[in-house]
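Protein chains in written order, with my numbering: chain A, 3 to 212; chain B, 158 to 526; chain C, 11 to 182; chain D, 401 to 803. The beta-carbon is built from N, C-alpha and C at its ideal position, and this holds for glycine as well.
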Amino acid sequence: MRGPTTFRQYLRNVWDGFFTTLIGMRITGRYLLQKPITVQYPDERMPIPDRYRGIHYLEQEKCINCLACARACPIDCIEMDAIRHGKELEWVSFTLDYQKCMFCELCVYPCPKDCIHMSTEYTLVSTDRSEFVHDLLSFKGMARDARVRMREAEKKKAEKVAAKKAVAAPAPAAGTEGAKPEEAQEAAAEPAAADAEAGADLSGDEEAQA
Amino acid sequence: MEHGNYVHSLLDGVAPDWVPGWAVVVSTAAVGVALLIAFVAVLAMFSVWLERKVSGHIQCRYGPMYVGGWHGWAQSLADALKLLMKEDLVPIGADRVLFVVAPALVLGSIFGALVAFPFTPGFFFADIDLGIFFILGMSALTTIGVVMAGWASNSKWSLYGAMREAAQVVAYEIPLGISLLVPLMVAGTFNLLEASQMQAGWFGMKWLVFQNPFMIPAAILFFTAALAETKRAPFDLPEAESELVAGFMTEYSGLRWSFFFMEEYAAMFLMSLVAAVFFFGGFESPFTHLAQRAFVGETAAVADLPLLYQLTAGVVLFAKALFGVFVMMWLRWTLPRLRIDQVMTMGYKYLTPLALACVLAAGTWEAIF
Amino acid sequence: MDFKGIHDRLRALSAPGLIGADEPRRPDPADKKDKGRYGVAFVRVEAARIVEFLTLCRDDERLAFDLLVDLTATDPAADDENLWVGYQLLSTTQHQRLAIKVTLPKAEPAIESAAAVHRAAQWHERECAEMFGITFLNHPDPRNILLPDDWVGHPLRKDYVFPKEYRGISCE
Amino acid sequence: MSEATTQQHGNITLREERVLPSGEREFMLDVRTSDLEVNMGPQHPATHGVMRILIRTDGELVTGAQPHLGYLHRCAEKIGENVEWLQYLPYTDRYDYLAAMNNNLGYSMAVEALMPMEIPRRAEMIRVICAELNRIGSHLIMFGTYGMDLGAFTPFLYAFREREWMMALFEKICGARLTYSYIRIGGVFNDAPPGWLQEVEHFCDVFEEKHKEYVDLLMLNHIFVKRTAHVGVIRPDLGLDFGLTGPMLRASGIDFDLRRDMPYSVYGEMAAEGAFRVVTGRGEKGTLGDCWDRFYVRVMEMIESIKIVRWCLANIEDGPVIGDVPKVLKVPPGEAYVGIENPRGELGHYVVSDGGKVAKRCRVRGPSFCNLAVLEAIMPGTLLADSIAIIGSTDVVIGETDR
Numbered sequence: 003m004r005g006p007t008t009f010r011q012y013l014r015n016v017w018d019g020f021f022t023t024l025i026g027m028r029i030t031g032r033y034l035l036q037k038p039i040t041v042q043y044p045d046e047r048m049p050i051p052d053r054y055r056g057i058h059y060l061e062q063e064k065c066i067n068c069l070a071c072a073r074a075c076p077i078d079c080i081e082m083d084a085i086r087h088g089k090e091l092e093w094v095s096f097t098l099d100y101q102k103c104m105f106c107e108l109c110v111y112p113c114p115k116d117c118i119h120m121s122t123e124y125t126l127v128s129t130d131r132s133e134f135v136h137d138l139l140s141f142k143g144m145a146r147d148a149r150v151r152m153r154e155a156e157k158k159k160a161e162k163v164a165a166k167k168a169v170a171a172p173a174p175a176a177g178t179e180g181a182k183p184e185e186a187q188e189a190a191a192e193p194a195a196a197d198a199e200a201g202a203d204l205s206g207d208e209e210a211q212a
Numbered sequence: 158m159e160h161g162n163y164v165h166s167l168l169d170g171v172a173p174d175w176v177p178g179w180a181v182v183v184s185t186a187a188v189g190v191a192l193l194i195a196f197v198a199v200l201a202m203f204s205v206w207l208e209r210k211v212s213g214h215i216q217c218r219y220g221p222m223y224v225g226g227w228h229g230w231a232q233s234l235a236d237a238l239k240l241l242m243k244e245d246l247v248p249i250g251a252d253r254v255l256f257v258v259a260p261a262l263v264l265g266s267i268f269g270a271l272v273a274f275p276f277t278p279g280f281f282f283a284d285i286d287l288g289i290f291f292i293l294g295m296s297a298l299t300t301i302g303v304v305m306a307g308w309a310s311n312s313k314w315s316l317y318g319a320m321r322e323a324a325q326v327v328a329y330e331i332p333l334g335i336s337l338l339v340p341l342m343v344a345g346t347f348n349l350l351e352a353s354q355m356q357a358g359w360f361g362m363k364w365l366v367f368q369n370p371f372m373i374p375a376a377i378l379f380f381t382a383a384l385a386e387t388k389r390a391p392f393d394l395p396e397a398e399s400e401l402v403a404g405f406m407t408e409y410s411g412l413r414w415s416f417f418f419m420e421e422y423a424a425m426f427l428m429s430l431v432a433a434v435f436f437f438g439g440f441e442s443p444f445t446h447l448a449q450r451a452f453v454g455e456t457a458a459v460a461d462l463p464l465l466y467q468l469t470a471g472v473v474l475f476a477k478a479l480f481g482v483f484v485m486m487w488l489r490w491t492l493p494r495l496r497i498d499q500v501m502t503m504g505y506k507y508l509t510p511l512a513l514a515c516v517l518a519a520g521t522w523e524a525i526f
Numbered sequence: 011m012d013f014k015g016i017h018d019r020l021r022a023l024s025a026p027g028l029i030g031a032d033e034p035r036r037p038d039p040a041d042k043k044d045k046g047r048y049g050v051a052f053v054r055v056e057a058a059r060i061v062e063f064l065t066l067c068r069d070d071e072r073l074a075f076d077l078l079v080d081l082t083a084t085d086p087a088a089d090d091e092n093l094w095v096g097y098q099l100l101s102t103t104q105h106q107r108l109a110i111k112v113t114l115p116k117a118e119p120a121i122e123s124a125a126a127v128h129r130a131a132q133w134h135e136r137e138c139a140e141m142f143g144i145t146f147l148n149h150p151d152p153r154n155i156l157l158p159d160d161w162v163g164h165p166l167r168k169d170y171v172f173p174k175e176y177r178g179i180s181c182e
Numbered sequence: 401m402s403e404a405t406t407q408q409h410g411n412i413t414l415r416e417e418r419v420l421p422s423g424e425r426e427f428m429l430d431v432r433t434s435d436l437e438v439n440m441g442p443q444h445p446a447t448h449g450v451m452r453i454l455i456r457t458d459g460e461l462v463t464g465a466q467p468h469l470g471y472l473h474r475c476a477e478k479i480g481e482n483v484e485w486l487q488y489l490p491y492t493d494r495y496d497y498l499a500a501m502n503n504n505l506g507y508s509m510a511v512e513a514l515m516p517m518e519i520p521r522r523a524e525m526i527r528v529i530c531a532e533l534n535r536i537g538s539h540l541i542m543f544g545t546y547g548m549d550l551g552a553f554t555p556f557l558y559a560f561r562e563r564e565w566m567m568a569l570f571e572k573i574c575g576a577r578l579t580y581s582y583i584r585i586g587g588v589f590n591d592a593p594p595g596w597l598q599e600v601e602h603f604c605d606v607f608e609e610k611h612k613e614y615v616d617l618l619m620l621n622h623i624f625v626k627r628t629a630h631v632g633v634i635r636p637d638l639g640l641d642f643g644l645t646g647p648m649l650r651a652s653g654i655d656f657d658l659r660r661d662m663p664y665s666v667y668g669e670m671a672a673e674g675a676f677r678v679v680t681g682r683g684e685k686g687t688l689g690d691c692w693d694r695f696y697v698r699v700m701e702m703i704e705s706i707k708i709v710r711w712c713l714a715n716i717e718d719g720p721v722i723g724d725v726p727k728v729l730k731v732p733p734g735e736a737y738v739g740i741e742n743p744r745g746e747l748g749h750y751v752v753s754d755g756g757k758v759a760k761r762c763r764v765r766g767p768s769f770c771n772l773a774v775l776e777a778i779m780p781g782t783l784l785a786d787s788i789a790i791i792g793s794t795d796v797v798i799g800e801t802d803r
């Protein structure tokens, strides 16, 4: 511990106290006259870099529902559901719970099709908790081209079946063969219903975007 | 002393004959108090806005920018409205009476001090011969209010704040008074108006601070002690927000809290006024000098000073005081806070002896020259 | 000194309680099931003599392990009979590290507190005690540190069952 | 504290009760007062988070202090045993949230110690640049908040101004501002975007100028010096006994820095070239190991970090930024303890693997946890205002003490 203050120290304290205060005032005074560096937030905004980890967006056409992102997520906030029709997918949901999400970007990298990304959008404000569960799907059901592809596949299949039928004209076992056209009909009806639904969804989305 | 338009002569000619004398006195008093309250409230709001702007720009940001349009000038008004609308809270276990009285006492004492102040050479509420004594005495009363608030809050942090305030103010009353002795000695009067008039001359620059070389250290000492008196950084220990949460104000909210707030800014302004009068020329400045030349004859009585001259003098004094307030703010946003024992050391071991030395030296100087 | 040097030194001093060293090794190409052991080397020490061992490590001038960096426990598996207690020592003068591992029976884990040698152990031991249920004998301040005082169970044990509620707050 | 002595004045006994921080002895009349117990925190402006310190005071004098932790306990170690190796990475951001890059680095290095893996050199360089920039950011927080603890508000905003820039740099390289998850097992996830390294260099240039202002405005301010010198002295042996690390230990005069003395990553080359200096406390303004020394070490370390960053910028080469890491990470069995130099001291990760996708044990040795323990020993005998200065000088991050 220190000893008693000498007179020299006493004067030095007085001088230091006064002088360092002036130095400090010079620095703060200089900034007083400079232009502030902050921006007035809602009017001006800072530029957001490209790699910003904001709200996700999904390139749904590419997505194959492989669950890689959901598995990579440390807090299991991604949930997806789709019905598979052969190679094509009929989307039911792809939700991301932003109450849990910590924007770690771990879901982006394992994606084999590079279809989930993080956007520069960051505003997540709501008065209702349920609104934090975002559905990333841009449309529900099947994509138009997927539907076309599927119809073509169906057609081909039906043609094949028909060709087969034609080849093996005298049916040995009508019971099993007879079931097939019915199935095909059902499958054809289903996309039609989904089509109407998806159409409505799409138009709704476009409106929302506008 | 016979000087011009006291406030209590405001209604003299206006009141009809049938109004009894006491009613005139009461109503003039009421008008005076209303004027003063309005003045202090507006001043506090302006100072709060200024503080925000100064601190903001010092810290490379803007401060309030939205409310009211131009640089958020109405921000304080909005805040005042918000504070008025807040719930009136008295904590359980608090001493209700003291808790309620304390903020009133604090603000009242500052009002009391301002009563003795001349705002222009001809406009004041009371002209007291020992004006500066009255002002110092009244402003010291705030301490009692603060201690009351701290004790009544029934909070440990408040108690700490109150104890610190008591110790600090007692310590700094001494250097404050002693450093004021120097200009009092040079001016030779306790009256603020006379002290101000003393400094006329030298093209309005015959300020007391230039009249004696030891006035400059005395001014610095006075300013430092005044900072401690008004609980401003670096002496804001009673409220020390990083240590004591909010010190004696911890349990206060709403209007009562705003009383403490107003008191702080009114006290800053008061101390700056005192410094302006006793060190920095009072009403005097080149502008006042020119205004006097232009509007006032050589022999005009104080009673009928022309309005334009009064206005110039008032604005000059006001500007000087505001500059003092600004420097206080500048210091606050520059310096860290002292520790309580250092505050005591500084008060008793540094400021008091230095102030005494100043008095001695200045007195010697006055005696010789 | 590298780990080998430290181990030799410890053996030369016949350090109390020293059992042996465990060094990382590559997997044996002949044995397909052997995956090897990676990571860093450590010495095994008897639980009963750990305080003597730590004192020796601290006071020997060539070892000079003056800093107890870390003290922690590990529950290797739910069906394992032992808990491990690991000490990480560091020498600020010799610039070397030493990891020590002690095994304790899970049935009744108790070990002498190292707080007398390194006060740094004090808080780490409190944490270990609440997380693993290890009793540190002669600990100066055996309270819970991170968990509430009335917490039931030892969360870092592998057989820990998450509580359904705590003081009426649902933990589901 | 010296031995209590008594003085007899007539029939009044004066007991020397204490030695004030200024070195004066104070004699007291025994009037049988009792101490006041004050809860500092969990909500208190100076505890930097939800820490509670139970302080016993006699007037302004602190006679005892007891930290109570656990308000922010999230059982990160248990989480580590339940999520995959890579999935744990975002959780490492969250214990010392002011130095997330360093935490990422520590965890990645611990896992890498279990895996026979080569880290590309460019990745190492970017890692070091990021870690050092983050160290600057972390010390800037300490600089600012410490000033604020002592009542100077403005340095805080100046510090945040530069930190903001640093965070903008991180935002550009990884997209996040606070919880980066950027340094990953095997390297880093993204290469630096074009022009980023030049921006870092520009930051270094500007920062060196601003640093002078920090020193003048706060570090050498007389009031600041008086507030911190001789306060909260940690003698070297006490520091070692309590397992202090990092700036806390160096401020006590112990010349030890993991980056120089037990180098990892590319620090070894740097240390061999003498690219940076280890700052130790010298007791310049007061006693060795006081609060001012701790502050000084941190402030000066920022400049050393700038030197390290400059070295990396001069030596960085093009190349890959991530090693050969499988998408589903299986870590070979074994156990490893890896300690790195975090802004607050040694951050240790002790990981145990049995060869699976999930860790057996993921222990985090947070420097703040150990640094906080010393409070109990140095707080008694100081003034209430000093206790704030001491808490601030330990620079704890509650996320890390509680984990």
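Using a Cβ cut-off of 8 Å, pull out every chain B residue sitting near residue i, in sequence order please.
| i | result |
| --- | --- |
| Tyr33/A | His214, Ile215, Gln216, Cys217 |
| Thr30/A | Ile215, Trp487, Trp490, Thr491 |
Nearest to residue i by alpha carbon, out of the options?
| i | options | result |
| --- | --- | --- |
| Ala237/B | Phe417/B, Met406/B, Phe360/B | Phe417/B |
| Thr545/D | Leu464/B, Pro510/B, Phe256/B, Pro493/B | Pro493/B |
| Ser121/A | Leu569/D, Ser422/D, Ala576/D | Ala576/D |
| Leu533/D | Glu684/D, Glu571/D, Val511/D, Met509/D | Glu571/D |
| Met525/D | Met566/D, Leu688/D, Ala592/D | Ala592/D |
| Leu713/D | Arg521/D, Thr463/D, Pro726/D | Arg521/D |
| Gly756/D | Tyr582/D, Leu486/D, Pro467/D, Glu564/D | Leu486/D |
| Ile57/A | Val41/A, Ala168/A, Cys106/A | Cys106/A |
Please check the pair residue i and residue j, which I expect to be a contact at CB under 8 Å, by giving their CB distance rounded to whole angstroms.
| i | j | result |
| --- | --- | --- |
| Ala736/D | Ala523/D | Contact doesn't hold; Cβ gap of about 19 Å is too wide. |
| Val721/D | Val588/D | 5 Å |
In chain C, what lies closer than 7 Å to residue i by C-beta?
| i | result |
| --- | --- |
| Ile654/D | Thr102 |
Please list, in chain order, the chain A residues whose beta carbon lies closer than 9 Å to that of residue i.
| i | result |
| --- | --- |
| Ile529/D | Per Cβ cutoff of 9 Å: no residues; Ile529/D is ~16 Å from chain A at best. |
| Cys574/D | Arg53, Arg55, Glu107 |
Could you tell me which chain B residues have their CB closer than 9 Å to the CB of residue i, listed as they occur along the chain?
| i | result |
| --- | --- |
| Val16/A | Tyr507, Leu511 |
| Met27/A | Val484, Trp487, Leu488, Thr491, Leu492 |
For a contact meaning CB atoms closer than 9 Å, what does residue i contact in chain C?
| i | result |
| --- | --- |
| Met662/D | Leu100, His105, Gln106, Arg107 |
| Tyr750/D | Asp80, Thr82, Thr84, Gly96, Gln98, Ala109 |
Give the interface partners of residue i over in chain D, defined as CB-CB distance under 9 Å, in chain order.
| i | result |
| --- | --- |
| Pro76/A | Ile479, Val483, Glu484, Leu486, Gln487, Tyr488, Leu489, Pro490, Tyr491 |
Quick one: which chain B residues come within Cβ less than 7 Å of residue i?
| i | result |
| --- | --- |
| Pro445/D | Glu398, Ser399, Val402 |
Take every Cβ of the stretch 54 to 71 of chain A, pair it with every Cβ of the stretch 114 to 127 of chain A, and state whether three or more of those distances are shorter than 8 Å. yes
Could you run through the stretch 96 to 115 of chain A and flag, in chain order, every residue whose CB is less than 8 Å away from some CB of chain D? Met104, Phe105, Cys106, Glu107, Leu108, Tyr111, Pro112
Three-pair Cβ contact test at 8 Å for the stretch 200 to 208 of chain B versus the stretch 218 to 238 of chain B: yes
Can at least three beta-carbon pairs, one atom from the stretch 775 to 789 of chain D and one from the stretch 735 to 755 of chain D, be found at a separation below 8 Å? no
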